Structure formats: structure tokens, C-alpha cells
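Asks:
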Amino acid sequence: IAGGEPFMRKKFLGITKDFPEILFLVFTNGLLIDKTILSELSKQKNVIPLISLEGYEEETDLRRGEGVYGRLEEIIGRVRSRGIFFGTSLTVTRSTFRALTDERFVQNLVDERCKFFLFLEYTPIMEGTEDLVLTGEQRERLMLLMDAFHSRWPALFIAVPGHEAAVGGCLAAGRGFVHISAEGDLEPCPFAPFSDTNLRDSSLKEALGSDLLKVLRQHPEQLRITDGGCCLWKRREWVKSLLRERTKRKDIAEMRRERGA
Numbered sequence: 001i002a003g004g005e006p007f008m009r010k011k012f013l014g015i016t017k018d019f020p021e022i023l024f025l026v027f028t029n030g031l032l033i034d035k036t037i038l039s040e041l042s043k044q045k046n047v048i049p050l051i052s053l054e055g056y057e058e059e060t061d062l063r064r065g066e067g068v069y070g071r072l073e074e075i076i077g078r079v080r081s082r083g084i085f086f087g088t089s090l091t092v093t094r095s096t097f098r099a100l101t102d103e104r105f106v107q108n109l110v111d112e113r114c115k116f117f118l119f120l121e122y123t124p125i126m127e128g129t130e131d132l133v134l135t136g137e138q139r140e141r142l143m144l145l146m147d148a149f150h151s152r153w154p155a156l157f158i159a160v161p162g163h164e165a166a167v168g169g170c171l172a173a174g175r176g177f178v179h180i181s182a183e184g185d186l187e188p189c190p191f192a193p194f195s196d197t198n199l200r201d202s203s204l205k206e207a208l209g210s211d212l213l214k215v216l217r218q219h220p221e222q223l224r225i226t227d228g229g230c231c232l233w234k235r236r237e238w239v240k241s242l243l244r245e246r247t248k249r250k251d252i253a254e255m256r257r258e259r260g261a
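If you're matching positions, the sequence shown starts at 1 in my numbering and goes up one per residue.
1. In chain order, what residues of the same chain lie with their CB nearer than 8 Å to the CB of ILE84, ignoring the 5 residues before and after it?
2. Please name the residue, chosen from ARG175, GLN107 and LEU134, that lies closest to HIS150 on a Cα-to-Cα basis.
3. Just to confirm the assignment, what range does the alpha helix (DSSP H) spanning THR16 have?
4. Figure out for me which residue from GLN138, ALA166, LEU243 and ARG235 has the closest Cα to the Cα of ASP196.
5. Taking just the CA atoms, how far does ASP201 sit from THR101?
6. Using only the alpha-carbon positions, how far apart do ILE252 and LYS214 sit?
7. GLU183 to ASN198, Cα distance in whole Å?
8. Give the secondary structure of ILE1 by DSSP, where H, G and I count as helix, E and B as strand, and everything else as coil.
9. With C-beta atoms as the reference, is GLY70 less than 9 Å away from GLU57?
10. First and last residue of the beta strand (DSSP E) that includes GLY87?
11. Apart from the five residues on each side of it in sequence, which residues of its chain come closer than 7 Å, Cβ to Cβ, to THR123?
12. Tell whether a beta-carbon distance below 9 Å holds between GLU5 and LEU23.
13. Assuming LEU118 and SER89 are in contact, meaning their beta carbons sit under 8 Å apart, how far apart are those beta carbons, in whole angstroms?
14. Taking the C-alpha atoms as reference points, what is the distance between ILE15 and GLY209?
15. SER195 by DSSP, collapsed to three states: which one?
16. What's the gap between the Cα of ASP147 and the Cα of ARG141?
Right under this line is the structure:
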């Protein structure tokens, strides 16, 4: 569950309570985790907060605002004292790579009983931000560090998209996951905001069989991970062409129906 900020939705934890068999990973800035939310997280073991950090105080406050790192230190301490299973979501850019992979940084979080480290390679979804993407050397180093960290500390370390390569490439488009936007659009993944169906108009089961997702699943060669980042974002012109083709077919079908009427 991502946002925005999921914990801004006051009814959110009331919904997760009704589905104890489903594991909810909540990507959160952590700042709204108060006594009420802590109490609910203590009861709902199926809800795992992944608190976002950018590195140490300098890196985190630079992106998230002055004083945020200090507040998160306090909040993480409260989460730990409640015995709540939690993790951290770390967006790794070319400039934050050193801080986020520093052994002292990881050790500090392990000491706070953080059990899940999700390293997300920065993926540009806006033109002109490519300079934040990891270098090839950093990407290779990150994967080596995942193995080293896993051997050293009792926690789960995952790098995305790096670890997806081990399962045949990108898991988007229903191969492993999909993304539902706040507007209800069913998208291949959060980094590929393309859709041809909305859950307001169909069930999730029906939407998973949409024309766009079908074509993407039928072309695994387009989902191969080569040099990091989002495969579909890199091939966005191809994805857009699929949507244009679908719209064209839909318009033709509509015209034929009107003529028939």
C-alpha cells in the first residue's frame, strides 16, 4: 500500500483488520504513526510498515524536510518498543548510494530491530531526472552488498529491480503484481502509469485480463531487466502504441455499432 501517505486514510486500518490472511506492506513516511496507529499495528500482525529513509540526517532532511530524520528516530524507537515487525524503504539514487549502503547505517537500523530492508533503485518517471539513476558500477555493487548484508545480519534484504532478474525479469502486468492507482486505474506497476481499464467499471478479476496486460504478459522479452530501472518506462513509447491501438479498435467497434443501430 503506497501513496501519498496511506496513514492519512483514517479508515485504512479498519479495512486491513477484516483481511488477516492478507499481508499488507505499507510504504509510509512514518510521521503519522501515533499511539492509535501503534496500538492497531500491535494487534494487526499482517500490516507491516516500511518507513522511508533517504540515508542519514543530511540526506533524509534534504528530501523530506528539516527535522524529519530526528522525528523518525523517535518514531522508530516507539515501533521497536512495541515489538512491531517493521522494515524500511530506501530509494537509492546515484548521490545517496554511499549513505544507504554504509554498514553503520544498516547496523543502526538492525539495532532498532528493523527486519526488512527494501532497496529501490531510483526509477525516473519524469523526463530530465535520469542523472539520479545508479551507474552500472553502483548497480553491480548493490547486488553484491545484498548478499553480504544477508550473511551478516538477521534481516531480509531485497533490491528492486535487481532481484527480479532471478525470477525471469520484471514481475509487472500481473506476472507477479499489478498497481491500482488512487483513481482506480489498473496499471502494470507503480513506475509504469499506463492503463486501459478501471476498477470502477469492472471487477479486479476481469481487469487482470485487460488487453494491455495480456499483451505485456505475452511479450516477456520486453520485460527483461538489462541495466536496471523500469523496463516498461524505458519502453514507454511501445506501451503507448499498444494503448493507441486499443483505442483505435474500440472506436472502430463503436462506429460499427452505431451504424448497425
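All residues carry an ideal CB built from backbone N, CA and C; glycine is no exception.
Since we're looking at a predicted model, the values are computed, not measured.
Replies: From the atom records:
1. LEU38, LEU41, SER42 and PRO49.
2. Looking at the Cα atoms, GLN107 is the closest of the given residues.
3. Counted as a single uninterrupted DSSP element, the alpha helix (DSSP H) harbouring THR16 occupies residues 12 to 16.
4. Nearest C-alpha to ASP196 among GLN138, ALA166, LEU243 and ARG235: LEU243.
5. For THR101 and ASP201, the distance between alpha carbons rounds to 44 Å.
6. Here ILE252 scores only 47 on pLDDT, less than 50, and its place in the model should not be relied on; the value that follows carries that caveat. Roughly 21 Å separates the two Cα atoms.
7. One C-alpha to the other measures close to 8 Å.
8. Secondary structure at ILE1: coil, using DSSP grouped into helix, strand and coil.
9. In this structure, GLY70 sits near GLU57, with a CB-CB distance shorter than 9 Å.
10. Note, GLY87: beta strand (DSSP E), 87 to 92.
11. So the qualifying residues of the chain are PHE191, GLY229, CYS230 and TRP233.
12. The Cβ atoms of GLU5 and LEU23 lie no closer than 9 Å to each other.
13. At roughly 5 Å, the Cβ-Cβ gap stays under 8 Å, so LEU118 and SER89 are in contact.
14. Answer to the nearest angstrom: the Cα atoms are 26 Å apart.
15. The answer is coil: DSSP assigns SER195 none of H, G, I, E or B.
16. Taking the straight line joining both Cα atoms gives about 10 Å.
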